[in-house]
Structure formats: structure tokens, C-alpha cells
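Asks:
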Amino acid sequence: MKRIVALLLAAMMMVVVFASCGDSKGGETSSTNSGSGSSEGQTFKNAGKGFDANVSDADFGDEKDATLKVWGPDEYTSLLTEQCNAFKDKFAGKVKKIEVVVQSESDSATMMQNDPKAGADVFGFASDQFTNLTNAKILAPVNAKYAADVEATNNKAAVEISMAKNATTGKDALYAFPETGNGYFLVYDKRVISDKDAKTFESLLKACQKNGKKFIMDVGNGYYACMFAFTGGLSLEGLDGSKQLFNDYDEAKVAASLKAFSKLMHDYKGTFMTDATAAIPSGFTSTATRPTKVGAGIDGNWDTSGIKKALGEKNFGAAKLPTINIDGTDTQVVSMYGYKMVGVNANSKFPRTAQILAYYLASEECQKQRAEKLGWSPTNNAVVDSDTVKNDVAISALLAQSEFSVPQANVGSIWDPFKAMGNTLIADETNPDSYDFKGLLEKTIKNINS
Amino acid sequence: MIKSYKLRRGLANTIIYIILAVLGIIWVSPLVYLILQSFSADPEAIPQSLIPASYGFDNYTKLFTETSSLNFPRWYANTFVIACFSCVISTISVLMVAYAFSRLRFKSRKKFINIGMILGMFPGFMTMIAIYYLLKAMGLLDLQSIFGIPGFDGPILSLIICYSSGAGLGYQISKGFFDTIPRALDEAATIDGATRNQIFWKIILPMSKPIVVYTVLTSFIGPWTDFILAKIIAGDKVNNYTVAIGLQRMIDVDHKNQWFKRFLAGSVLVAVPVTALFLKMQNYYVGGVTAGGVKG
């Protein structure tokens, strides 16, 4: 009996070992001929001329009849399928099948790290996952020719955030294609708030209060609460290991900003409400018997369509975040601003085709379609300057806010400490006139790096 | 001190009933909220009041008609199939293991019982990643590319295997029940010429309805509520999701603001087959737990 069991176990082990062995071998050989990363000294004459000028059939090498898997978020699926079909038609014979699978950008990096070989060839992800993905060597470096074009045609901050040190050359190289910007801004009901009221926090809250409507922002969420400190001049400067680095900020100024926000929250108690952002589209909804509850709120581009539906296009207002009066001067509120990128899986069996598809999905053509159909804010300069974007209040508001923002990349464990800070600022027990905001700031910074 | 016994008893009962009523309300209120809101026809995506202002079947119909992005009916069917198969397989295997340990005397029986006990003490999620890689190495996760039959893919089969193959370890309660059935019956049957197998199917099983029902119920409920293992195994194969992963997806960052009420409706629907089965078998269930517990 014992012998039989032992034999069975051994057989099982052998099967597993052999199976996994064959698997990894396949992965290695296929990834060797991927892009080489950007190399200094080389110049590319078509840099800045866009996708069509930079890609030719020769770029596919000996790859043909590729089957690729692409991950994209739910709302983007149908457009993504269209774009992939367009890509297939563009390069007939090179691509056999592109499978589009729904996978939210917030989840895709984790899924990719769980099992890179089962992951998509081309996938969208949020910028704060970039370092994790490059550290895990999941992202293939962008081909130097395309990288030069991406750098020339895209927003500088978006490109910088997609760069990482190449292990072989030791130089900074592009590891993902910037796809869209992602952040929050002010949305308001034009029947309650005039465009002029929307310029400062004080006038905004006064108008809300006068009309008996609420102003909603998620104070108890680090993603939004960090703005209280950022407005005072605090900024994130990347990570050193797991230690969050900050800029050389002026403690007194940040404390003054915290105090100003806390004072607003207490002065407009009952109007300045903290709630999850989901309450904003719901609060803008009215029925025959029930009027709207909310006058304005701070929400992101992902809720824009829901809010437009609730308010009606005519009443929908959007602007960059307002200013706040700190010790007598109106100061622009600074927010967190992230990007979404398209990455290429280093384990892809068709590295060149995958790379070209990712490049295409991040190109001017696709960014423009996304801006038109989904309201996604572009990173491509030509699309930023296009009329489509200029006429879209929500995208314009988001782009205007991006000028006053801290990029969401290489972010450590800041969320919970900022959340606690936000909750303290709005707490009833906090008396804004006597509270030790400097101490609160010190505590928050200490908690971030503990 | 109150002298009258009647008064004292009345008072004590009142206090106890008030406490029980409060506990009962606390326990039931989330369920009431869930069911009420799932029928809500209010225009807001997220409920604005505890009790909806208007009612309708909108959330339910949408759940089954708008399936382009989140395909709830498909996930429901997947889970049902998984639950049925693993229910049958694991019920049979649990009862057989229990019967063997209860009736047969063989070398190292004690050792196997101990090993079973020890293995059962490890938390299930400990081995999940290993299970994933084993299934992958055996090629069980991607049957679509091997067989190419539409709708037939690895995760569902893999989940059935996972849920039913380890089930035998949960034999203890059934063994306790079998131990209470007099061995004299076995002996009588043996004298009449019955084999061990015949004794199990024709004598023991018909007498053990409560424990059969108990095993059926627990193994049927498992797949409906399991999240972690299903999530790991299903990966990005959306069509192979079970309801647990699907419902979670309805309230993730991308969907919450549109899908919250449909999530509530979906949760109510998940409870339907489990509740139906439970009500049908309820009488036996209680009998099974207590009977198995005596000697367990």
C-alpha cells in the first residue's frame, strides 16, 4: 500500500514538473526578441508624426497571424473592440484574432502579477501600479522608435510618469503608452451655482447654503483628502524603497491650508457634507415629488456620464477645483492626478504585434475616439488642442485641474493617513480656531512612513 | 422584591422578549433592507432613503436583459451547474468515506482518521495558489483552446473538481451518525448474503436520510458562497464566473454607481435556490445535525 501511494505521488510530481517546465521554456524564447527600449544617440526622423508614419509592415518582423488578448475596462469594451477590429483591418494578414476581455484597470495589475503568463498581451492599468509592474518585470520596454514619437506627441507629465530605469542600459526608458488622464474636478448644478460662484470655495458654499443644497466631497477618502495638504504646498516626490519622499514643504503653510479647509467645513456645517462620491449623481437626481439634494460636488470623470444623465446636459456645470482663501490670499486647490496607460506583457507570444497594437491604442486616432465617445481626457497634445476636447466642459475642467496637481505615481501608503487627516478636519470635536494643525500634519507624515 | 411569582415571571419574560426582539430586529433588518431596495424603482442609482419611495421589478428585469457587460444569467447558470455536480459527487464521497471509517476495520484506519483531522485543520485558502498552478500545469484551466467547444471551458470543471475532491475529509458528522446505527443490522444483512456495498446502499443509506440531506445542503451551498478560490481559478474568463465573483464585480469601482441596486437584486436571487432546497429539506436538517452530534 505504502509503495503504491509513494509511486502515485512521485508520478504526479513528475507530471507537474514536466508540464511547468515546458511552459516556462516557451515563455522565455518568445520574449527574447521584444523591443530594445529607447537608446540614446539614435534619432528618429518620424518622431512626432504619429502612428501611421512610424509603423510599417516590416515592424512586425516574422510575426503573422497573431492572436492577442487585450484587457480593458467595462465601459470601454465596445469601443475597444471596434478599435481592435480597425487595427486588424489595417494590417491584414498580420493579426488573426484579438480577444477583448473586460478587466478593470484597478484590478489588472494585480491579476497580471498573479500569473503573467495567463494575462493579456496588451492591457490598460492605472499609473500608481506602474512601479509594481516594472519591478515585477511584467512590462516590456517600448520600442525606441515608438518611444521617440510618444515622447514628442504626448503631454510631458504623462510621459515622465511612464518612464522607468532600464536594467540593461541603466537609462530611463518608456515602459508604457500613456492613454488618458484620470482625476477629479468640480461638478455643479447650473441652476444653483453660477459659473462665477464656482470659482472660489467660499462663494460656492454660500450659494449652496442659500439654496438649501449640499456640497459633497469624500473627505474621509485619502484620494480626495490629500488635496487639503497639497494645496498648502506639500507634494510627493516618489519612493525610496517603500519610504514615501516629500518635497521641501513649508510646514506653516500646509498647516494654514488645513486650518482654512477645516474652518470652511465648520462654518458651512450642514452644507459641506462628506459622503462617498456615489452620493453625487444620486443627489443630483430629482423626481416630480423630490427636488435635488446636492448643488455641487467634487467627483471624477468616471461619474460624469451619470451626473449628466441626472442633471441634464443643460444644467451640467464642470470646472477646475475652486480656490480657497488661506490667510487672506485666494489659493488654487491642488489635487491628485493620475494616468492610465497601455502596457505590453513581456511574456507575450507576439511581442512585436502586441507592441504595435498598444502603440495604436494610445495613438491620436484612438485617444480622439475615446474623448468623443467616452469623455476620457486625452494625453496626446493634438487631441488636447482639438475642438472636441475644447467643447467638452468635463474634459476641459479635468485638463485645467491637471495643471494644479500632484501626479499619482510611485505612491506609498498615503491613503489611510490622509483619510484619518480628512476625518479629523471635519470632525465636530475639532475646533478650527484652536486646533494644532501643525501637530496633525506631523502625525500624518509620520504615519505615512511608519 | 416582588413577592408574586406570576408577576415576577411576567416581568422576567417581558425583559427577555424585549432583548430577543431587539436582537431579532438587528439581525433581520439588513435582509429587509436588501429585499426592499432590490424592488426599488427610485431614479437614484444609490438608495437615498432606507425605505424606497416606489417599487417595481426593474432591477430584476435589467439583471436578465442587460447582459452585454455583466452577464448575470450566465453566471447564475454556471454556479447552478457547479453546485449540482459538486453536490452529487461530494455527497456520495462523504457518505462512502464515513461508512468506511464507521463500519470497516482495516490496518491504519486510525492513522487515516488522524491524517484527515489534521488536514482539515489547515485553512482552505492556504493551498489555493498551489491548486491554481497544479490545475494550470495539468492544462485544466484552458479547455477552450484544446476542445474548442463553445461554452465549455476549464474553470467550471476545475471548480467542480476542487469542491468535490476534498469533500471526503468532512466525513466526521456522517460517521458519527452511522455509528449510532446498530451493527446488528449489518450482521443480519451479512448473514443474508449482502456484500458491504449492498449494505451501504440498501440498509444504511435508507436509514440515514437526515445525514444525507445535511450533506446535500452543505455541499450545495458551498459553490454559491465561495469567492476566493473561484476568483483565483476563473481569472479573466468572464464567462466562467460564478455568482459570487459576478456580484463582487457589480460593486467594484467601475460599476458600483450604476449597478448597486441590481447587485441587491442579484443577491436576493442567489438566496432563492439555497432557500428552496433548505425549506424542502428543513425537517431532516435539524434531525441530521443533532443525530450526528450525539456520538460525533
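In order, the protein sequence lines correspond to chains W and A. So for the first sequence, the working numbering puts the first residue at 2; every next one is plus one. So for the second sequence, the working numbering puts the first residue at 341; every next one is plus one. All C-beta atoms, glycine included, are put in the ideal place defined by N, C-alpha and C.
#1: Just to confirm the assignment, what range does the beta strand (DSSP E) spanning A:Phe567 have?
#2: Grab the span of the alpha helix (DSSP H) containing W:Tyr224 for me, first residue to last.
#3: With 16 other CB atoms within 10 Å as the buried threshold, where does A:Ser454 fall?
#4: W:Ala363 by DSSP, collapsed to three states: which one?
#5: Compute the distance between the beta-carbons of A:Leu509 and A:Leu475, then report whether it is under 8 Å.
#6: Quick one, which of W:Ala289, W:Gly296 and W:Lys254 has its alpha-carbon nearest W:Gly329's?
#7: Could you give the distance in angstroms between the alpha-carbon of W:Gly313 and the alpha-carbon of A:Ile568?
#8: Starting from the C-beta of W:Ala149, find all residues in its chain whose C-beta is less than 6 Å away, skip the five residues before and the five after it, and write them out in chain order.
#9: Just verifying my parser: in three-state terms, what is the DSSP assignment at W:Asp122?
#10: Determine the burial state of A:Gly364: buried for a count of at least 16 other Cβ atoms within 10 Å of its Cβ, exposed for fewer.
#11: Identify the contact partners of W:Trp72 in chain A, using a Cβ-Cβ distance below 9 Å as the criterion.
#12: Looking at the C-beta of W:Gln84, does it have a partner C-beta in chain A at a distance below 8 Å?
#13: Is it buried or exposed for W:Glu180, if we count other Cβ within 10 angstroms and need 16 for buried?
#14: Taking all protein chains shown into account, do 16 or more other C-beta atoms lie within 10 angstroms of the C-beta of W:Asn183, making it buried, or fewer, making it exposed?
#15: A:Pro546 by DSSP, collapsed to three states: which one?
#16: For W:Met337, count the other beta carbons within 10 Å of its own beta carbon; 16 or more makes it buried, fewer makes it exposed. Which is it?
#17: Quick check: what's the CA-CA separation for W:Ser37 versus W:Val151?
#18: Mind pulling the chain W residues with CB within less than 9 Å of A:Ala385?
#19: Could you tell me which residues DSSP pairs with A:Tyr395 in its beta bridges?
#20: Which residues in chain A sit within 9 Å of W:Ser105, going by Cβ to Cβ distance?
#21: Look up W:Phe45 in the DSSP assignment and say whether it is helix, strand or coil.
#22: Closer than 9 Å between beta carbons: that is the criterion. Which residues of the region 260–280 of chain W meet it against chain A?
#23: Buried or exposed for A:Gln622, please, with buried defined as at least 16 other CB atoms from any protein chain shown within 10 angstroms of its CB.
#24: Give me the residue from W:Asp90, W:Asp437 and W:Gly242 with the minimum Cα distance to W:Asp66.
#25: Can you tell me whether A:Gln538 is buried or exposed, with buried defined as 16 or more other CB within 10 angstroms of its CB?
#26: Using the beta-carbon of each residue, which ones in chain W are nearer than 9 Å to A:Gln388?
#27: Thinking C-alpha only, which one of A:Ser548, A:Tyr472 and A:Leu497 is nearest A:Gln484?
#28: Helix, strand or coil: which one does DSSP assign to W:Cys22?
#29: Would you mind working out which of W:Gln114, W:Ala145 and W:Phe88 sits nearest W:Glu366, comparing C-alpha positions?
#30: Counting C-beta neighbours from all protein chains within 10 Å, is the total for A:Leu360 16 or more, i.e. buried, or is it exposed?
#31: Where does W:Gly51 sit, in a helix, a strand or coil, going by DSSP?
#32: For a contact defined as C-beta to C-beta under 7 Å, what are the partners of W:Val102 on chain A?
#33: So, A:Phe600 versus A:Ala385, is the Cβ gap smaller than 8 Å?
#34: Name the two residues that bound the continuous alpha helix (DSSP H) containing W:Pro282.
#35: Is the Cβ of A:Gln484 closer than 8 Å to any Cβ of chain W?
#36: 8 Å is my cut-off, CB to CB: does W:Met337 come that close to chain A?
Replies: A quick look at the data gives this:
#1: Residue mapping note: residue 567 of chain A aligns to position 227 of the second sequence, counting from 1. It is not in any beta strand (DSSP E) - A:Phe567 carries neither H nor E in the DSSP assignment.
#2: For the purposes of this step, residue 224 of chain W is taken as residue 223 along the first sequence, with counting starting at 1. Its alpha helix (DSSP H) spans residues Gly223 to Phe231.
#3: Position 114 of the second sequence holds residue 454 of chain A. In the sequence under discussion, the amino acid at residue 454 of chain A is Asn, which differs from the Ser named in the question. With fewer than 16 other Cβ atoms within 10 Å, it is exposed.
#4: Your numbering for residue 363 of chain W matches position 362 in the first sequence. Of the three classes helix, strand and coil, the one that applies to W:Ala363 here is coil, per DSSP.
#5: As a first step, residue 509 of chain A is located in the second sequence; it is residue number 169 there, counting from the start. As a first step, residue 475 of chain A is located in the second sequence; it is residue number 135 there, counting from the start. Result no, Cβ atoms of A:Leu509 and A:Leu475 do not sit closer than 8 Å.
#6: The residue given as residue 329 of chain W occupies position 328 in the first sequence. Closest by C-alpha distance to W:Gly329, out of W:Ala289, W:Gly296 and W:Lys254, is W:Lys254.
#7: Position 312 of the first sequence, counting from 1, holds the residue named residue 313 of chain W. Position 228 of the second sequence, counting from 1, holds the residue named residue 568 of chain A. One C-alpha to the other measures close to 41 Å.
#8: Reading the first sequence from its first residue, position 148 is the one you call residue 149 of chain W. Only Phe45 and Ala48 meet the Cβ criterion.
#9: Residue numbering aside, residue 122 of chain W sits at position 121 when the first sequence is read from its first letter. Coil.
#10: Sequence index remark: in the second sequence, residue 364 of chain A carries index 24 (1-based). Exposed, since its Cβ has fewer than 16 Cβ neighbours within 10 Å.
#11: Indexing the first sequence from 1 puts residue 72 of chain W at position 71. Near W:Trp72 (Cβ distances below 9 Å), the residues of chain A are Asp576.
#12: For the purposes of this step, residue 84 of chain W is taken as the residue at position 83 of the first sequence. No - not a single Cβ of chain A is within 8 Å of the one on W:Gln84.
#13: As a working mapping, residue 180 of chain W is identified with position 179 in the first sequence. Burial call: buried.
#14: Along the first sequence, one-based indexing puts residue 183 of chain W at 182. Buried, because 16 or more other Cβ atoms sit within 10 Å of the Cβ of W:Asn183.
#15: Position 206 of the second sequence, counting from 1, holds the residue named residue 546 of chain A. In the structure shown, A:Pro546 sits in a helix (DSSP, three-state: H, G or I).
#16: Taking the first residue of the first sequence as 1, we reach residue 337 of chain W at position 336. Buried, by the Cβ-count rule.
#17: By 1-based counting over the first sequence, the position of residue 37 of chain W is 36. By 1-based counting over the first sequence, the position of residue 151 of chain W is 150. With a pLDDT of 44 at W:Ser37, under the threshold of 50, the modelled position of this residue cannot be trusted; read the value that follows with caution. About 16 Å.
#18: As a working mapping, residue 385 of chain A is identified with position 45 in the second sequence. Simply Ala279, Pro282, Ser283, Thr286, Gly307 and Ala311.
#19: Locating residue 395 of chain A in the second sequence gives position 55, where the first residue counts as 1. Beta-bridge pairing links A:Tyr395 to A:Ser380.
#20: The residue labelled residue 105 of chain W in the question sits at position 104 within the first sequence. Within 9 Å Cβ-Cβ: Arg589, Asp592, Val593, Asp594 and His595.
#21: What you label residue 45 of chain W is simply residue 44 of the first sequence in a count that begins at 1. W:Phe45 falls in the coil class under three-state DSSP.
#22: Ala277, Thr278, Ala279 and Ala280
#23: Within the second sequence, numbered from 1, the residue matching residue 622 of chain A stands at position 282. That one is exposed.
#24: Here residue 66 of chain W is taken as the residue at index 65 of the first sequence, counted from 1. Selected option, being the one with the closest Cα: W:Asp90.
#25: Position 198 of the second sequence, counting from 1, holds the residue named residue 538 of chain A. Exposed: under 16 other Cβ atoms inside 10 Å.
#26: In the second sequence, counting from the first residue as 1, residue 388 of chain A sits at position 48. Those are Ala280, Ser283, Gly284, Thr286, Arg291 and Lys294, listed as they occur along chain W.
#27: One-based indexing of the second sequence puts residue 484 of chain A at position 144. The closest CA to that of A:Gln484, considering only A:Ser548, A:Tyr472 and A:Leu497, is found on A:Leu497.
#28: Translated into positions along the first sequence, residue 22 of chain W becomes position 21. Because W:Cys22 carries a pLDDT of 46, less than 50, the predicted location of this residue cannot be relied on, and no value is offered for it.
#29: Reading the first sequence from its first residue, position 365 is the one you call residue 366 of chain W. Out of W:Gln114, W:Ala145 and W:Phe88, W:Phe88 has the C-alpha closest to the C-alpha of W:Glu366.
#30: Here the question's residue 360 of chain A lines up with position 20 in the second sequence. A:Leu360 should be labelled exposed.
#31: As a working note, residue 51 of chain W is residue 50 in the first sequence. DSSP places W:Gly51 outside both helix and strand once states are collapsed to three, so it counts as coil.
#32: In the first sequence, the residue the question calls residue 102 of chain W occupies position 101. Simply Asp576 and Val578.
#33: The residue given as residue 600 of chain A occupies position 260 in the second sequence. The residue given as residue 385 of chain A occupies position 45 in the second sequence. For A:Phe600 and A:Ala385, yes; Cβs fall inside 8 Å.
#34: Numbered from 1 along the first sequence, position 281 holds the residue referred to as residue 282 of chain W. Ala280 to Phe285 is the extent of the alpha helix (DSSP H) around W:Pro282.
#35: Within the second sequence, the letter at position 144 stands for residue 484 of chain A. Not closer than 8 Å to any Cβ of chain W, the Cβ of A:Gln484 fails to qualify, so no.
#36: Sequence index remark: in the first sequence, residue 337 of chain W carries index 336 (1-based). Chain A contact via Cβ: absent.
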